[in-house]
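Structure record follows, encoded as structure tokens.
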Amino acid sequence: MRATFLALLCAAGCGVELEHGLDERQANQVTALLSSAGVSADKVAEEGAQQSYKIVVPRAEAARSFALLEANDLPRPPQKTVAETFPANALLPSAVEERARFGAALSAELERTLEGLPEVARAYVHLALPPEDPLAPGSGPRLRPTASVLLKSRGKLAVGDAEVKRLVAGAVHDLQAEDVSVVIAPLGEQPAAPARARESRGAMATLAAAGLGGVLLLGALLVFAATRISSLRRRLRDLERT
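Take 23 as the starting number for the sequence shown in my numbering and just add one per residue.
And the structure:
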């Protein structure tokens, strides 16, 4: 029943499809963010697609909703786990590709861990893992792995740069904390509900009420005028008869 109502609402032009093709986790993140900002957002299951959802918002809130998602970097693409990156039946053609895939999977796991920290909205981890050549030991100075971390925060973090560096370094073989660079950037400013829009809606309601009152007054004047004209005509007819 609710889905039918929303479909009719969209067909009538009152709602806007903000996002589509989202899994349930992504859809929940988007609706939670919009609801916390005062936007009436609905998560609707898409027909013909299993576990796929779309987000519908009122047309008047579409622009602010898009700005909110942009500021909070939503919806977030689903992250692959190590098991998904390295399926049991995968055939890796080379050690270089294997190391690249392992680095990407490890970066995703670190991002997932960092996003679990309070006030961290989104984490990006880039690992530079130098290739290993076991057949040529001592051929030259061994390159050290490095890492770059970007954290998008909602507010002041409960942990400092040193803790983030130790966490990342502890997850990567031979990575030292001093070789991890951390950058913390605040999320974009949250677009507030437009006060002017609220004021304009109130002004429109006032104008509408005033307009209705004017129409009623005009109707009353027309009735009064018609009554007076009818009375004058009757008096003229009476005078003509006498």
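Backbone N, C-alpha and C define an ideal beta-carbon position, used for all residues, glycine too.
Item: Give the single residue among T168, A199, V194, R176 whose Cα lies nearest to the Cα of D183.; Value: A199
Item: So the alpha helix (DSSP H) V52 belongs to, where does it begin and stop?; Value: 46 to 58
Item: Is it buried or exposed for R86, if we count other Cβ within 10 angstroms and need 16 for buried?; Value: buried
Item: Can you tell me whether DSSP reads D196 as helix, strand or coil?; Value: coil
Item: Grouping DSSP H, G and I as helix and E and B as strand, with all else coil, what is E14?; Value: Outside the displayed span of the chain (23 to 264) sits residue 14, for which this structure offers no information.
Item: Can you tell which of T53, R166, K174 has the C-alpha that lies nearest to the C-alpha of D95?; Value: K174
Item: Output needed for G143: all residues of its chain with C-beta closer than 8 Å, excluding positions within five of it in sequence on either side, in chain order.; Value: Note that residue 143 is Ala in the sequence shown here, rather than Gly. N94, D95, E137, K174, S175, R176, L209.
Item: Nearest CA to the CA of L151: which residue from R164, T168, L139, P140?; Value: T168
Item: What are the uninterrupted segments assigned as alpha helix (DSSP H) that are 4 or more residues long and contained completely in the region 114 to 156, given in chain order?; Value: 117 to 136
Item: How about the region 63 to 76 and the region 124 to 133: do they share at least three Cβ pairs that are nearer than 8 Å?; Value: no
Item: Apart from the five residues on each side of it in sequence, which residues of its chain come closer than 7 Å, Cβ to Cβ, to G43?; Value: S74
Item: Assign G60 to buried or exposed, taking buried as 16 or more other Cβ atoms, counted over all protein chains shown, within 10 Å of its Cβ.; Value: exposed
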